[in-house]
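Chains as they are written, first to last, in our numbering: chain B, 52 to 446; chain W, 52 to 446.
2 protein chains.
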Amino acid sequence: MQFEYSNPTRVVFGAGTLPRLGEIVRQYGSRALLVIGGGSVKRSGIFDKAVQSLKDAGVAVILCDGIEPNPRISSVRRGAALARENKCDVVVALGGGSVMDASKVIAAAALYDGDPWGMIYHGQPNVHIPTEALPLITVPTLAATGSEMNCGAVISNSETTEKSFMSTACLYPKVALMDPELTISVPQNQTAFGVCDLITHVTEAYFNGPGNTPLQDRFAEGVILTAMEYGPKAIDNGEDLDARSHIQWAATVALNGWVSSGASGGYPVHMIEHTVSAYHDITHAAGLAIINPAWMRFAARTNPAKFVQFAERIFGLKSKGSDDLDCALAGIDRFEQFLKSIGCPTRFSDLGIDGSLIETYAKETLRIINDGNGKLPARPAMSEADIVGVLKAAL
Amino acid sequence: MQFEYSNPTRVVFGAGTLPRLGEIVRQYGSRALLVIGGGSVKRSGIFDKAVQSLKDAGVAVILCDGIEPNPRISSVRRGAALARENKCDVVVALGGGSVMDASKVIAAAALYDGDPWGMIYHGQPNVHIPTEALPLITVPTLAATGSEMNCGAVISNSETTEKSFMSTACLYPKVALMDPELTISVPQNQTAFGVCDLITHVTEAYFNGPGNTPLQDRFAEGVILTAMEYGPKAIDNGEDLDARSHIQWAATVALNGWVSSGASGGYPVHMIEHTVSAYHDITHAAGLAIINPAWMRFAARTNPAKFVQFAERIFGLKSKGSDDLDCALAGIDRFEQFLKSIGCPTRFSDLGIDGSLIETYAKETLRIINDGNGKLPARPAMSEADIVGVLKAAL
Numbered sequence: 052m053q054f055e056y057s058n059p060t061r062v063v064f065g066a067g068t069l070p071r072l073g074e075i076v077r078q079y080g081s082r083a084l085l086v087i088g089g090g091s092v093k094r095s096g097i098f099d100k101a102v103q104s105l106k107d108a109g110v111a112v113i114l115c116d117g118i119e120p121n122p123r124i125s126s127v128r129r130g131a132a133l134a135r136e137n138k139c140d141v142v143v144a145l146g147g148g149s150v151m152d153a154s155k156v157i158a159a160a161a162l163y164d165g166d167p168w169g170m171i172y173h174g175q176p177n178v179h180i181p182t183e184a185l186p187l188i189t190v191p192t193l194a195a196t197g198s199e200m201n202c203g204a205v206i207s208n209s210e211t212t213e214k215s216f217m218s219t220a221c222l223y224p225k226v227a228l229m230d231p232e233l234t235i236s237v238p239q240n241q242t243a244f245g246v247c248d249l250i251t252h253v254t255e256a257y258f259n260g261p262g263n264t265p266l267q268d269r270f271a272e273g274v275i276l277t278a279m280e281y282g283p284k285a286i287d288n289g290e291d292l293d294a295r296s297h298i299q300w301a302a303t304v305a306l307n308g309w310v311s312s313g314a315s316g317g318y319p320v321h322m323i324e325h326t327v328s329a330y331h332d333i334t335h336a337a338g339l340a341i342i343n344p345a346w347m348r349f350a351a352r353t354n355p356a357k358f359v360q361f362a363e364r365i366f367g368l369k370s371k372g373s374d375d376l377d378c379a380l381a382g383i384d385r386f387e388q389f390l391k392s393i394g395c396p397t398r399f400s401d402l403g404i405d406g407s408l409i410e411t412y413a414k415e416t417l418r419i420i421n422d423g424n425g426k427l428p429a430r431p432a433m434s435e436a437d438i439v440g441v442l443k444a445a446l
Numbered sequence: 052m053q054f055e056y057s058n059p060t061r062v063v064f065g066a067g068t069l070p071r072l073g074e075i076v077r078q079y080g081s082r083a084l085l086v087i088g089g090g091s092v093k094r095s096g097i098f099d100k101a102v103q104s105l106k107d108a109g110v111a112v113i114l115c116d117g118i119e120p121n122p123r124i125s126s127v128r129r130g131a132a133l134a135r136e137n138k139c140d141v142v143v144a145l146g147g148g149s150v151m152d153a154s155k156v157i158a159a160a161a162l163y164d165g166d167p168w169g170m171i172y173h174g175q176p177n178v179h180i181p182t183e184a185l186p187l188i189t190v191p192t193l194a195a196t197g198s199e200m201n202c203g204a205v206i207s208n209s210e211t212t213e214k215s216f217m218s219t220a221c222l223y224p225k226v227a228l229m230d231p232e233l234t235i236s237v238p239q240n241q242t243a244f245g246v247c248d249l250i251t252h253v254t255e256a257y258f259n260g261p262g263n264t265p266l267q268d269r270f271a272e273g274v275i276l277t278a279m280e281y282g283p284k285a286i287d288n289g290e291d292l293d294a295r296s297h298i299q300w301a302a303t304v305a306l307n308g309w310v311s312s313g314a315s316g317g318y319p320v321h322m323i324e325h326t327v328s329a330y331h332d333i334t335h336a337a338g339l340a341i342i343n344p345a346w347m348r349f350a351a352r353t354n355p356a357k358f359v360q361f362a363e364r365i366f367g368l369k370s371k372g373s374d375d376l377d378c379a380l381a382g383i384d385r386f387e388q389f390l391k392s393i394g395c396p397t398r399f400s401d402l403g404i405d406g407s408l409i410e411t412y413a414k415e416t417l418r419i420i421n422d423g424n425g426k427l428p429a430r431p432a433m434s435e436a437d438i439v440g441v442l443k444a445a446l
């Protein structure tokens, strides 16, 4: 077991903590670029409360609104220009994963003279990896991506039909202000997608790592069990603040390094999904819900022991031994049933996507990321034919 | 669920990483106070390797040796004076919890003109809480206290028969360099005490918190299950590097905030043990092994549900319901049997300590820390009579 871990983000967690936003932001700057999405935070009243708190603390607010789902590099460019023009010295992300991801890249792009698309890894030879960014405060309004407490961001380029990522230390938010009350207004389907998203973050690390990480496995299973216990409660009753709190913390922990350190070896489901959603602009977690079970059935054949462990510890199934593929597959079936039960699609046909571009998705995924031998990093590493096979199984 | 979490310590984990010490330390300074204990690191050859790595990186080494178990404030004073006289700009702790705890206070005391005992909370009205310290790199040689990745330190004062703590942000190590190979030479009994120590850190948070922290519970259970699986393997075969790795990481995670955030409400077993070991200079974890089961039997009567959960999830027992005290107590019996099985004492008589000072321990514990109403913070809060009752049950 070999790894390095570092995560300097400070967490302030609890219902009713939004009014502390101004005091926290003021520790880092006095002119905030406030980044939001399509306006749901305005309709819910969250926006007004956040602005009031910032103004009460003497923080000037420059608004960058309209960040779209699957946030685009064009929005990043616009936000960075706004930050520069208005001499912003701090960025506040008030929204879901798209808003937080865009805000990270805006925070770095504001201090970078080149085009920010050059910072996004998309298979180009020379990526510009920034070493500085404006301080960022994240205020998530959705329990899903975990972006509030990590240094990753996923950005789309509609001109080139690409969706890819960046991940570097200067993107860690200074503070994640997590008020579960802000997630009360999230509709049922988005709540369910968030649960799927956070579980998929965990399964990627759990199944693709080098193995021999028993404590990380326990943590991963803890996140999944918690999400499966409280996710349906939050979906059934959006005002269940306890359930909202528990899935929000689970979503953060799913991707802040606590589960994956020493255990991660690739994010194949995410990488494949990014390509598909670059073409179709589907909800990220909907794509994950479709691809993940199909990928699991593929991977279980070479790594049955880990899938048996999953079946036993998550679903209480009993195996005949660590090579019991039937038990492994039964666990995957149960997982897929869970995704269906909370309202996620589990086949591309549920979204009206046919198989006509499957080879393109596979080629494009491998163009953006491969291990140098033409395979997608994963356990097992995936050839183009493997990716095609998984996608066909998910039609 | 309300909490704040922050832990900026960077972790470099893996067998064979010790030679990176110099390169890491050089990022923070060029004149290192190297703090060690009684000399076991010299006998094992670890000391020479560490010094070589530091010198190769151009780091001057000033040695502070002889830190004793239950480290004393007199050693802190000596180390701080050495650091000042030699203009050290970085501190390296190479040893177990005692060395790391002393190093933290030395790092702060080197920048503080007053007597460092004034920084240790011991019931005095005006504690000096430092806001700056020399950068600290921890290199643990024992899986036990978790001190390598937290901001706490426990220090004894033999002149006043007091043992107490400090905990503040400037004490976070910059880097924890964790090389499980360094723990290979730890003898069986110290390995077992380390396992007991780390489990007790987790049970304190697990049982004393406000409840309603399901994910933290899963993490706590994960640490305990991992320690109970790999602890006996490391005790049976000290050269089992996998087992050493897993208990070392478990020990770190047990007290770095990942388990306790939002879940902690007091450390009664530690607080009582500190008083006892201030009088008897016993190994900290031996005291914990004796007091913890007795405390659990006391606490289970007011909080049976959590102890039933412990019995079910850790030992696979089946309860008749969340108020099944018999099941709760059976789980505690199983836990005590585990401690015995790895060679820990579970009664004061095992250490030759009689009951003559029990009232003194109780009074002194409450003098050092109480909730303002004369009770020890815990679930349930403990009166003097409660503490006496627990100690009597452990004779």
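Backbone N, C-alpha and C define an ideal beta-carbon position, used for all residues, glycine too.
Sub-7 Å separation of residue i and residue j beta-carbons
i         : j         : result
Leu193(B) : Gly262(B) : no
Ile298(B) : Met347(B) : no
Ile250(W) : Gly289(W) : no
Asp332(B) : Asn121(B) : yes
Thr60(B)  : Pro224(B) : yes
Val150(W) : Ile118(W) : yes
Tyr56(B)  : Gly308(B) : yes
Ala220(B) : Leu187(B) : no
Integer Cβ distance of residue i from residue j, believed to fall under 8 Å
i         : j         : result
Leu376(W) : Ala351(W) : 7 Å
Val359(B) : Val310(B) : Their Cβ separation, rounded to whole angstroms, is 20 Å, which puts Val359(B) and Val310(B) out of contact at 8 Å.
Val143(B) : Val92(B)  : Contact flag wrong, Cβ pair sits at about 12 Å.
Thr264(W) : Gly313(W) : 5 Å
Below-7 Å beta-carbon distance, residue i vs any chain W residue
i         : result
His252(B) : no
Thr192(B) : no
Ala301(B) : yes
Phe258(B) : no
Arg61(B)  : yes
Arg77(B)  : no
Phe449(B) : Nothing about residue 449(B) can be read from this structure; chain B reaches only from 52 to 446.
Trp309(B) : yes
Thr182(B) : no
Gly73(B)  : no
Distance between residue j and residue i (C-alpha atoms, nearest Å)
i         : j         : result
Phe216(B) : Val63(B)  : 26 Å
Thr397(B) : Glu387(B) : 7 Å
Val141(B) : Leu185(B) : 6 Å
Ala356(B) : Leu380(B) : 11 Å
Lys100(W) : Gln78(W)  : 19 Å
Asn201(B) : Ile409(B) : 31 Å
Pro431(B) : Glu255(B) : 12 Å
Leu228(B) : Val102(B) : 14 Å
Lys452(B) : Gly88(B)  : Nothing can be reported for residue 452(B), as the shown portion of chain B is limited to 52 through 446.
Glu210(B) : Asp164(B) : 21 Å
Phe399(W) : Glu435(W) : 19 Å
Neighbour flag for residue i against chain B, beta carbons, 7 Å
i         : result
Pro265(W) : yes
Val52(W)  : This sequence places Met at residue 52(W); Val is not what is there. Met52(W) counts as touching chain B.
Glu55(W)  : yes
Pro283(W) : no
Ser296(W) : yes
Phe64(W)  : yes
Thr196(W) : no
Status (buried if at least 16 other CB within 10 Å, exposed otherwise) for residue i
i         : result
Ser104(W) : buried
Gln53(W)  : exposed
Lys443(W) : exposed
Gly282(W) : buried
Ser207(B) : buried
Arg135(W) : exposed
Pro319(B) : buried
Glu74(W)  : exposed
Residue i: CB within 6 Å of a non-hydrogen atom of the ligand ADP
i         : result
Ser328(B) : Of ligands this structure carries none, so the ligand ADP is not represented either.
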